[in-house]
Amino acid sequence: MTIEVRNKQRTEPDQVWYDNQEFLQIMNISKRTAAYWRTENVIAYCQVGNKIYYRLSDIMDLLEKSIVPAKFTNLNFSTDDNNNDL
């Protein structure tokens, strides 16, 4: 882990900015997907000239809003030798 990354982890999320390339790597997405997300207001960003930046807090918000809760069901796993469904 680099010094820069360690320092970013100690800073408040709304004070940490990632450029577009870092964002693409963090989210494992293409440039086109990032552009689409910006167009559709999926994530907030800041543009200075040709450079695009994203706040860590906005990235975290996107992930939090995208959580799909687990569905807890009554799974009945039978240990019968006759049950070949599992």
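Per the working numbering, residue 87 is the first one in the sequence shown, and the count goes up by one each step.
Where is the CB? At the ideal position from N, CA and C, for every residue including glycine.
**Request:** Examine the Cβ distances between the stretch 141-151 and the stretch 111-131 and report whether three or more of them are shorter than 8 Å.
**Result:** By the C-beta criterion, the stretch 141-151 is judged to be in contact with the stretch 111-131, since at least 3 inter-stretch pairs fall below 8 Å.
**Item:** Bounding residues of the alpha helix (DSSP H) (the contiguous stretch that carries residue 111)
**Value:** DSSP places residue 111 in the uninterrupted alpha helix (DSSP H) bounded by 106-113.
**Item:** For residue 124, the nearest candidate out of 111, 140, 112, 135 (CA to CA)
**Value:** Of all alpha-carbon atoms in 111, 140, 112, 135, the one lying nearest the alpha-carbon of residue 124 is that of 140.
**Message:** Cutting at 8 Å between CB atoms, please list the residues of its own chain near residue 137, excluding the five before and the five after it.
**Reply:** When the five nearest sequence neighbours on each side are left out, the beta carbons in the same chain lying within less than 8 Å of the beta carbon of residue 137 are those of 105, 106, in order along the chain.
**Request:** Tell whether a beta-carbon distance below 8 Å holds between residue 152 and residue 99.
**Result:** The Cβ atoms of residue 152 and residue 99 do not sit closer than 8 Å to each other.
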